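When we follow the working numbering, the leftmost residue of the sequence shown carries the number 7, and every step to the right adds one.
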Amino acid sequence: MRIRAVHPSELPVLQDIERAAGQCFRSVGMPEIADDEPLPLDELARYQRAGLAWVAVTDADAPVAYLIADRVDGNLHVEQVSVHPDSARRGIGRALLDRLSEHAVREGAPALTLTTFTEVPWNAPYYARCGFWPVDDGALTPGLRRIREREAAHGLDRWPRSCMRRAV
7 MRIRAVHPSE
17 LPVLQDIERA
27 AGQCFRSVGM
37 PEIADDEPLP
47 LDELARYQRA
57 GLAWVAVTDA
67 DAPVAYLIAD
77 RVDGNLHVEQ
87 VSVHPDSARR
97 GIGRALLDRL
107 SEHAVREGAP
117 ALTLTTFTEV
127 PWNAPYYARC
137 GFWPVDDGAL
147 TPGLRRIRER
157 EAAHGLDRWP
167 RSCMRRAV
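The structure is reproduced here in structure tokens:
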């Protein structure tokens with residue numbers, strides 16, 4: 007898989023990938039997550055314009071996965087990473103995280119951060135295999151604290167969640 011910047015015309019495809027990837031949450035009793043709508047096109051466009059949106063593409067240049075990130079407290083924060091189920095378990099998500107890590111090094115950011123469900127196998131346990139470590143709630147930076155508050159307001163705290171960090 008090749009990874010490149012997202013083209014503006016591909017933003018609806020990102021929504022399709024996220025919808026398809028989200029369906030696996032049904033198998034772990036989280037249908038509300040599966041039914042959650044992806045980010046609106048204008049928000050995805052903001053990431054694309056900021057240079058913080060990447061896709062993994064097939065040989066035919068068709069996107070099968072994407073990652074978007076934000077700058078939070080001096081680090082790069084993984085806002086969303088989604089891999090279409092037809093392309094899952096091929097190392098694509100890890101490759102996207104590694105691309106973000108390379109970008110963080112170029113920007114001088116010391117780490118990647120993310121928030122995730124702790125008990126979903128393809129969430130916290132997966133990120134731990136990718137080199138992320140849990141961040142104790144008492145050690146959250148102001149930006150991560152705000153993200154967790156927004157997630158709680160959105161109802162995501164119905165299931166255990168945590169912040170994780172990976173040095174670059």
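Every residue, glycine too, gets a C-beta built ideally from N, C-alpha and C. Just so it is clear, the structure is predicted and the values come from calculations on it, not from any experiment.
Limits of the unbroken alpha helix (DSSP H) element including residue i
i	result
HIS109	98–113
GLN54	47–55
PRO131	130–135
ARG8	Careful: ARG8 lies outside any alpha helix (DSSP H), inside the beta strand (DSSP E) at 8–11.
LEU58	Note, LEU58: premise wrong, no alpha helix (DSSP H); not H, not E.
LEU146	Element bounds for LEU146: n/a, residue is neither H nor E.
Residue i versus residue j: straight-line alpha-carbon distance, rounded
i	j	result
VAL78	LEU150	7 Å
MET36	ASP67	32 Å
TYR133	LEU106	14 Å
ASP65	ARG32	31 Å
LEU146	VAL111	22 Å
ARG156	GLU113	26 Å
ARG135	ASN81	20 Å
Close-in-space but distant-in-sequence residues of the same chain around residue i (CB under 7 Å, 5 per side omitted)
i	result
ALA26	HIS90 and PRO91
PRO14	ALA51 and GLN54
GLN21	PRO44
THR122	ASN129, ALA130, TYR133, ARG167, SER168 and MET170
GLY28	ILE39, ALA40 and ASP42
Extent of the continuous beta strand (DSSP E) run through residue i
i	result
GLN21	Run containing GLN21: none in the beta strand (DSSP E); it sits in the alpha helix (DSSP H), 17–28.
LEU120	117–123
PRO44	Neither: PRO44 is in no beta strand (DSSP E) and is coded neither H nor E.
ALA75	69–78
ARG172	167–173
LEU82	81–89
Cutoff 6 Å; reference residue i; Cβ partners in own chain excluding five residues on either side
i	result
VAL141	CYS169 and ARG171
GLN86	ILE74
VAL12	GLN54, ALA59 and VAL61
LEU47	LEU17
VAL19	PRO69
ASP76	HIS83 and GLU85
Rounded Cβ spacing between residue i and residue j (contact assumed at less than 8 Å)
i	j	result
ILE39	ALA71	About 18 Å separates the two Cβ atoms, so there is no contact after all.
LEU120	PHE138	7 Å
VAL174	ALA130	Not confirmed; about 19 Å, so no contact.
Own chain residues within Cβ distance below 8 Å of residue i, not counting five before or after
i	result
ALA62	MET7, ARG8, ILE9, PRO69, VAL70, ALA71, TYR72, VAL89, SER93, ILE98, ALA101 and LEU102
Chain C contact for residue i (CB, 8 Å cutoff)
i	result
ALA71	Protein chains in the displayed structure number just one, and chain C is not present.
Validate contact between the stretch 55–63 and the stretch 125–136 using beta carbons, cut 8 Å, 3 pairs: no
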